[in-house]
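Colleague: Handing you a structure now.
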Amino acid sequence: MDYQFAAIEQKWQKFWAENHTFKADSSSTKPKYYVLDMFPYPSGAGLHVGHPLGYIASDIFSRYKRLKGFNVLHPMGYDSFGLPAEQYAIQTGQHPAITTEANIATYRRQLDQIGFSFDWSREVRTSEPGYYKWTQWIFMQLFNSWYNLETDKAEDITTLIEKFNSAGSADVKAVCDEDVRSFLPSDWATFTTEEKQVELLKYRLTYLKESTVNWCPALGTVLANDEVKDGFSERGGYPVEQKKMMQWSMRISAYAERLLQGLNTIDWPEPVKEMQRNWIGKSVGASVKFAVDNSQLAIDETENSKLKTENYIEVFTTRVDTIFGVSFIVLAPEHELVQALTTETQKESIANYIAQTKKKSELDRMADTKTVSGAFTGSYVINPVNNELVPIWIADYVLAGYGTGAVMGVPSGDQRDWLFAKHFDLPIIQILDGQKDIEVEADPTKEGSYINSDFINNLGYKEATSYLNHWLEREGVGKAKVNYRMRDAIFGRQRYWGEPIPVYFKDGLPYLIKEEELPLLLPEIDKYLPTESGEPPLGRATDWSYEDQYEYELSTMPGWAGSSWYWYRYMDAQNNCDFAAKEAIAYWKDVDLYIGGSEHATGHLLYSRFWNKFLKDLGYVNEEEPFKKLINQGMIVGESAFAHSIGFNIGEDKSIDFLTEEWEAFERITEKYRFISGKFLSYDIVEILLKQHINPISEKEIEQDKKRKELFDFYTKSLYEELKNASLLDKVVVLPFINSYKIHVPIDYVNSKNEIDVLSLKQKDPRFYEAEFISENSVFRCSREVEKMSKSKFNVVNPDVLIENYGADTLRMYEMFLGPLEQSKPWNTNGIEGVFKFLRKFWRLFHNEEWNFHVEDSIPTKAELKALHKIIKKVQDDVERFSFNTSVSSFMIAVNELTDLKCKNRQVLEDLVIVLSPYAPHICEELWSLLGNTDLSNTSYPKFNPAYLEEAEFAYPISINGKMKMNLSLSLSLDEAQATETVLANEQVKGYLEGKTPKKIIFVKGKIVNIVV
RNA sequence: GCUCGGAUGGUGGAACUGGUAGACACGCAGGACUUAAAAUCCUGUGCCCUCAACAGGCGUGCGGGUUCGAUUCCCGCUCCGAGUACCA
1 MDYQFAAIEQ KWQKFWAENH TFKADSSSTK PKYYVLDMFP YPSGAGLHVG HPLGYIASDI
61 FSRYKRLKGF NVLHPMGYDS FGLPAEQYAI QTGQHPAITT EANIATYRRQ LDQIGFSFDW
121 SREVRTSEPG YYKWTQWIFM QLFNSWYNLE TDKAEDITTL IEKFNSAGSA DVKAVCDEDV
181 RSFLPSDWAT FTTEEKQVEL LKYRLTYLKE STVNWCPALG TVLANDEVKD GFSERGGYPV
241 EQKKMMQWSM RISAYAERLL QGLNTIDWPE PVKEMQRNWI GKSVGASVKF AVDNSQLAID
301 ETENSKLKTE NYIEVFTTRV DTIFGVSFIV LAPEHELVQA LTTETQKESI ANYIAQTKKK
361 SELDRMADTK TVSGAFTGSY VINPVNNELV PIWIADYVLA GYGTGAVMGV PSGDQRDWLF
421 AKHFDLPIIQ ILDGQKDIEV EADPTKEGSY INSDFINNLG YKEATSYLNH WLEREGVGKA
481 KVNYRMRDAI FGRQRYWGEP IPVYFKDGLP YLIKEEELPL LLPEIDKYLP TESGEPPLGR
541 ATDWSYEDQY EYELSTMPGW AGSSWYWYRY MDAQNNCDFA AKEAIAYWKD VDLYIGGSEH
601 ATGHLLYSRF WNKFLKDLGY VNEEEPFKKL INQGMIVGES AFAHSIGFNI GEDKSIDFLT
661 EEWEAFERIT EKYRFISGKF LSYDIVEILL KQHINPISEK EIEQDKKRKE LFDFYTKSLY
721 EELKNASLLD KVVVLPFINS YKIHVPIDYV NSKNEIDVLS LKQKDPRFYE AEFISENSVF
781 RCSREVEKMS KSKFNVVNPD VLIENYGADT LRMYEMFLGP LEQSKPWNTN GIEGVFKFLR
841 KFWRLFHNEE WNFHVEDSIP TKAELKALHK IIKKVQDDVE RFSFNTSVSS FMIAVNELTD
901 LKCKNRQVLE DLVIVLSPYA PHICEELWSL LGNTDLSNTS YPKFNPAYLE EAEFAYPISI
961 NGKMKMNLSL SLSLDEAQAT ETVLANEQVK GYLEGKTPKK IIFVKGKIVN IVV
């Protein structure tokens, strides 16, 4: 029988499901291998051809590892909490759980028909109570933990309480809020329960913090940063304002250093690691306190309590060695001391400046990095190293959120400071003899020795830095300090479709519910909108309170909560007593291979590492890093198609006055022809119209311009007629440019030659019912552009159609054949025929002319064994380095070779089936069973024997001066002297040498002969 | 601006440690089979010169360098993509 892919694929998918072929065993003696895909959010649109790319790669890898004797865990699940389902619920009133369920069903159907070897018995869904119970449980562990800097790990909060009991706050070295209190053990004993809770909250790894959110009053909701564009909501365009709210935060900053160091131990793509490094943003430097000079300042006794107790400005610098070059201090306009530091005379200019910066949107502030702006407060600090007075300025180039929100200005060494100093005429002090041209720009060099720097004069960079750090610390005015850019992560969302936070409030303080009360179920509500008073949707739930009296936390967890630990749940997905059993975690340990998109580089992948480290600190898991190896699959982008329409511009002759009716006619015609709607031009015409040569030189260009002129005249004919009828012809000029407009055309109506099936399009797409399509010959062309696949761009390719036409095995191989896994590429089906033909050819190897199954039990020939072992080696090399596209080509070569050899040998073909089976599992299972075998998935990968590839001779390329001229077959047993002798004796070689004597002969055994003359 | 990728025929791509550039596939052209079409099979296919063959020249974004030999290594640039953004 011919290759009946549909029947074969259904048969084996059913077989795998019924026999639980891919169920992973958590107590095997085989070595484990954990292959994980980033689980999808089940969107309503279903899978498009881009989604399975990574899944196919990981599936090939899993199946290959299984053949290589590993116990493979390869699970799949759904990240099923999320915004789109909630948005849909708001629009339709449909409960998100119902749409989510339906979407998951579609995903599952689509995934199943591609033939993945997932162990579905371990499926997880983050929105299932049985799953989010454990997400809530982890939240509780975080709430009950603090970060001890002495042990450098998280500990149970009870160890902190013990320290408070025995020694007060003095001994505690913790990552905590800035406003923690200092107290003695005796004080702690007198604290009320509430006071104790308030204090402990400042240490907990998840805690309440006042944060600003994007509040949109019109939508009555909080928006994420990417839902806000230029101060307006992306949806609807309503104004968005900054609102302060108490929000749950995660003290991820406690793990900054470990998250940074851990990157050196994992095999991840360098760009992802680099992004995480930047995100963490470690800088090593010093913090320095500059005492405020009070003599200039009339301190208001009532207002400036902070300035009274801490009479200094603290700055962070990475170049403490330049401290003698400080000629000003700059505070962020939002700095808390700005008001107190402003002298009477400067009040107005400071107020103006702050008002001005507030007006500037975030975007302006980022884009506008060239203009220097700032204002002088009128007061001064004293530089601790030389007691000189230094003016205090404010400027918006200093960010309130980084470091201390204050910098020391060293114009000779920092270009931004230099620009600031030049602009406001502040001194530029040279501090290193190595600095050059500091009148032209700053020179940040560290070379040379210090000058103008008192006690560090003549020292070099390293000595000076270390000396100053010690000096500052001894004087009590500063110390060496490491600063991180990474901020604590906000953990609350004012949304419905997420995990409820297992917290209730008593007297305004948060308390955890009891562990045995988990899961805290998501309550039913009438509408998925905020309450009238602006509370999150959970505020609508009725009869929803803790012990019938305490209000629950109303925000839910963010999207990343459920995905920050899911790989552990797969290890033991059905467990009701633990998030996963200790034994399962001990066996599976960590993820050996993780495949997913690079868009999760700093979100999911950073939070997951954080939670993993935390769980390890508490002893629940064993590995410091969760994902040993990471691969980013490239995006498959779509090729959008566009139909073009055009328009013309008319210019008026300014010297002539129009009559009123002429004006009206002019405006009417202008409007009509500016964009000719409903008329589309084939792209080949548009192309000619758009290309005009300013200075046509070549004959070709002149010819093109002539053609363009003809077309232009033709299409402006009716325009001229209308102008003539309105007697406007002499008073206006038709500009020789055309306006080009384009509109997305669904790619289903476009063939590979970019021709649009106009008839079908006009019938099926309402946007084109009335449209007119103009082309020179009966073909209408569109233009193409590569864009992200999305419904709105009409460029989505659904795998269902391809599977129907070619089968899953072809789809799997074709997606791999497209190119390297990590590269992003546009989707087109141009080559899919070739892959399908290959599978048919492969099928035919096992069949005779009449399509009857036929193999022979003969002794394989040398050539057959060579072809086989070449592919055995190639595939194992390729798969181990994730180069899946190259093995597809090699399979084609192997099948071509064996076809040419008329190979019908059972032994050879059997091994070939095993080697191909990770790529095209259905056809291989079928042939495997036709060969009389069972259990292909648990057989072994054939052993490579290099002996079959050994050759006695090699056709050496002979090059002269590095240029390849000819091939010469030589025995591989020849040594250099023998080989060169034979080569030089060859008549053809002599011909190339033209009697010249070779200067030198390069001979590389098995590679090349190069003759230098 | 900074960081990280990338650039090879008409197209997707191959060449793994510096050793025959363009494997494999698509497309295209020609041919066989067929009343015809589809399907299938065969042949050719980087560009240029040449009627053609032989031979030759040019060719991996551009300009240089190292080397017997460079798509591969080094220096300088152009363009495209991604990330990031005044980080003190």
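Residues 1 to 1013, numbered by the UniProt record's numbering, are exactly what the first sequence covers, in order. Cβ coordinates follow ideal geometry from the N, Cα and C atoms, glycine included.
1) Indicate the three-state DSSP secondary structure (helix, strand or coil) for Glu409 in the structure shown.
2) If I follow the unbroken alpha helix (DSSP H) through Tyr64, where does it start and stop?
3) Following the continuous alpha helix (DSSP H) through Trp12, name the residue where it begins and the one where it ends.
4) Between the Cα of Gln415 and the Cα atoms of Tyr402, Tyr397 and Thr404, which residue gives the shortest distance?
5) From what residue to what residue does the alpha helix (DSSP H) around Arg109 run?
6) Quick check on DSSP: helix, strand or coil for Gly647?
7) Can Pro942 and Ile914 be called in contact, C-beta distance under 8 Å?
8) In three-state DSSP terms, what is Leu363?
9) Smallest Cα separation from Glu336: which of Ile323, Asn352 and Asn311?
10) Just how far apart, CA to CA, sit Pro129 and Pro519?
11) Apart from the five residues just before and just after Pro84, which ones in its own chain have a Cβ nearer than 8 Å to its Cβ?
12) Scan the region 932 to 1009 and note each continuous beta strand (DSSP E) run of 3 residues or more that stays entirely inside, going in chain order.
13) Compute the Euclidean distance between the alpha carbons of Glu150 and Tyr64, then round it to the nearest angstrom.
14) Quick check on Thr206: does DSSP put it in helix, strand or coil?
15) Does the distance from the C-beta atom of Arg781 to that of Ser887 stay below 8 Å?
16) Does the region 170 to 181 come close enough to the region 634 to 644 to have 3 or more Cβ pairs within less than 8 Å?
17) Is the distance from the Cβ of Pro52 to the Cβ of Ile138 below 8 Å?
18) Restricting to Cα atoms, I'd like to know which of Val591, Asp548 and Phe324 is closest to Gln430.
19) Could you have a look at Glu314 and say whether DSSP puts it in helix, strand or coil?
20) Considering only the beta carbon of each residue, do Ile871 and Ala894 sit closer than 8 Å?
21) Let's see if you can read the secondary structure: which residues bound the alpha helix (DSSP H) around Ile394?
22) Determine contact between the region 809 to 823 and the region 873 to 893, defined as no fewer than three beta-carbon pairs at a distance below 8 Å.
23) Tell me the DSSP secondary structure of Gly562 in three-state form.
24) Expressed to the nearest angstrom, what Euclidean distance is found between the alpha-carbon atoms of Pro746 and Lys717?
25) Name, in chain order, the residues that DSSP records as bridge partners for Lys479.
26) Going straight from the alpha carbon of Ala189 to that of Ile104, what length do you get?
27) How would you label Lys31, buried or exposed, when you count the other beta carbons within 10 angstroms and need 16 or more for buried?
28) Quick one: give me the first and last residue of the alpha helix (DSSP H) that Gln276 is part of.
29) Beta-carbon within less than 7 Å of Thr939's beta-carbon, same chain only, minus the 5 sequence neighbours each way: which residues are those?
30) Under DSSP, the beta strand (DSSP E) around residue 1065 begins and ends at which residues?
31) Entirely within the region 709 to 782 and at least 4 residues each: give me those alpha helix (DSSP H) ranges in chain order.
32) Name, in chain order, the residues that DSSP records as bridge partners for Ala154.
33) So, using beta-carbon positions, are Asp119 and Lys23 closer together than 8 Å?
34) Ordered along the chain, which non-local residues of its own chain (more than five positions away) have a Cβ less than 6 Å from that of Met275?
35) Which residue comes first and which comes last in the alpha helix (DSSP H) that contains Thr899?
36) Assuming Asp617 and Ala154 make a contact with CB atoms under 8 Å, what is their CB distance in whole Å?
Modeller: The structure says:
1) On the first sequence, position 409 is the one that residue 409 refers to. Before going on, a small fix: residue 409 reads as Gly here, not Glu. Gly409: strand per DSSP, three-state reduction.
2) For the purposes of this step, residue 64 is taken as the residue at position 64 of the first sequence. Looking at the DSSP string, the run of the alpha helix (DSSP H) that includes Tyr64 is Pro52 to Leu67.
3) Translated into positions along the first sequence, residue 12 becomes position 12. Counted as a single uninterrupted DSSP element, the alpha helix (DSSP H) harbouring Trp12 occupies residues Phe5 to Asn19.
4) Here residue 415 is taken as the residue at index 415 of the first sequence, counted from 1. That would be Tyr397, whose Cα lies nearest to the Cα of Gln415.
5) The count along the first sequence starts at 1 and reaches residue 109 at position 109. Counting along the chain, the alpha helix (DSSP H) containing Arg109 begins and ends at Pro96 to Asp112.
6) Here residue 647 is taken as the residue at index 647 of the first sequence, counted from 1. Gly647 falls in the strand class under three-state DSSP.
7) Within the first sequence, residue 942 is the residue found at index 942, counting from 1. Within the first sequence, residue 914 is the residue found at index 914, counting from 1. At a Cβ-Cβ threshold of 8 Å, Pro942 and Ile914 count as neighbours.
8) Numbered from 1 along the first sequence, position 363 holds the residue referred to as residue 363. For Leu363, the pLDDT reaches just 48, beneath the cut-off of 50, and the residue's location in the model is therefore unreliable, although a value from the coordinates is still provided. Here Leu363 sits in helix by DSSP.
9) Residue numbering aside, residue 336 sits at position 336 when the first sequence is read from its first letter. With distances taken between CA atoms, Glu336 lies nearest to Asn311 out of Ile323, Asn352 and Asn311.
10) Here residue 129 corresponds to residue number 129 of the first sequence, with the count starting at 1. Here residue 519 corresponds to residue number 519 of the first sequence, with the count starting at 1. Each residue's Cα considered, the two are about 6 Å apart.
11) In the first sequence, counting from the first residue as 1, residue 84 sits at position 84. Closer than 8 Å at Cβ, skipping near neighbours: Tyr41, Ser43 and Gly44.
12) Inside the region 932 to 1009, DSSP marks whole beta strand (DSSP E) runs of 3 or more residues at positions 953 to 960, 963 to 971 and 1000 to 1004, from first to last along the chain.
13) On the first sequence, position 150 is the one that residue 150 refers to. On the first sequence, position 64 is the one that residue 64 refers to. Here the C-alpha atom of Glu150 lies approximately 46 Å from the C-alpha atom of Tyr64.
14) Numbered from its first residue, the first sequence carries residue 206 at position 206. Strand at Thr206.
15) Here residue 781 refers to the residue found at position 781 of the first sequence. Here residue 887 refers to the residue found at position 887 of the first sequence. It is not a contact, given that the beta carbons lie outside the stated cut-off.
16) With the cut-off at 8 Å, the region 170 to 181 and the region 634 to 644 do not touch.
17) In the first sequence, the residue the question calls residue 52 occupies position 52. In the first sequence, the residue the question calls residue 138 occupies position 138. The Cβ-Cβ distance between Pro52 and Ile138 does not fall below 8 Å.
18) Along the first sequence, read from residue 1 onward, the residue named residue 430 stands at position 430. Looking at Val591, Asp548 and Phe324, the one whose alpha-carbon comes closest to that of Gln430 is Phe324.
19) On the first sequence, residue 314 is found 314 positions in, with the first residue counted as 1. Three-state DSSP puts Glu314 in a strand.
20) In the first sequence, the residue the question calls residue 871 occupies position 871. In the first sequence, the residue the question calls residue 894 occupies position 894. Against a cut-off of 8 Å, the Cβ pair of Ala894 and Ile871 comes out as a contact.
21) On the first sequence, residue 394 is found 394 positions in, with the first residue counted as 1. Not the alpha helix (DSSP H): Ile394 falls in the beta strand (DSSP E), residues Leu389 to Ile394.
22) With the cut-off at 8 Å, the region 809 to 823 and the region 873 to 893 touch.
23) Taking the first sequence and counting its residues from 1, one reaches residue 562 at position 562. In this structure, Gly562 counts as helix in the three-state DSSP scheme.
24) To locate residue 746, count along the first sequence from 1; it is residue 746. To locate residue 717, count along the first sequence from 1; it is residue 717. So the alpha carbons of these two residues sit roughly 32 Å apart.
25) To locate residue 479, count along the first sequence from 1; it is residue 479. DSSP lists Ser287 as partners of Lys479.
26) Taking the first residue of the first sequence as position 1, residue 189 is located at position 189. Taking the first residue of the first sequence as position 1, residue 104 is located at position 104. If you draw a straight line from the Cα of Ala189 to the Cα of Ile104, it comes to about 54 Å.
27) Numbered from 1 along the first sequence, position 31 holds the residue referred to as residue 31. Before going further, note that residue 31 is Pro rather than Lys in the sequence given. When all chains shown are included, Pro31 counts as exposed.
28) Translated into the one-based positions of the first sequence, residue 276 becomes position 276. Run containing Gln276: Glu270 to Ile280, per the alpha helix (DSSP H) assignment.
29) Here residue 939 refers to the residue found at position 939 when the first sequence is read from its first residue. Hits under 7 Å: Leu67 and Ile914.
30) No answer is possible for residue 1065: the residues shown for the chain start at 1 and end at 1013.
31) Runs found: 758 to 764.
32) As a first step, residue 154 is located in the first sequence; it is residue number 154 there, counting from the start. Beta-bridge pairing links Ala154 to Tyr147.
33) Stepping through the first sequence from its first residue, residue 119 is reached at position 119. Stepping through the first sequence from its first residue, residue 23 is reached at position 23. The Cβ-Cβ distance between Asp119 and Lys23 falls below 8 Å.
34) Taking the first residue of the first sequence as 1, we reach residue 275 at position 275. Within the same chain, Met275 has close Cβ partners Ala601 and Thr602.
35) Taking the first sequence and counting its residues from 1, one reaches residue 899 at position 899. Element bounds for Thr899: Phe884 to Asp900.
36) Start at 1 with the first residue of the first sequence, and residue 617 comes out as number 617. Start at 1 with the first residue of the first sequence, and residue 154 comes out as number 154. Confirmed, Cβ separation roughly 4 Å.
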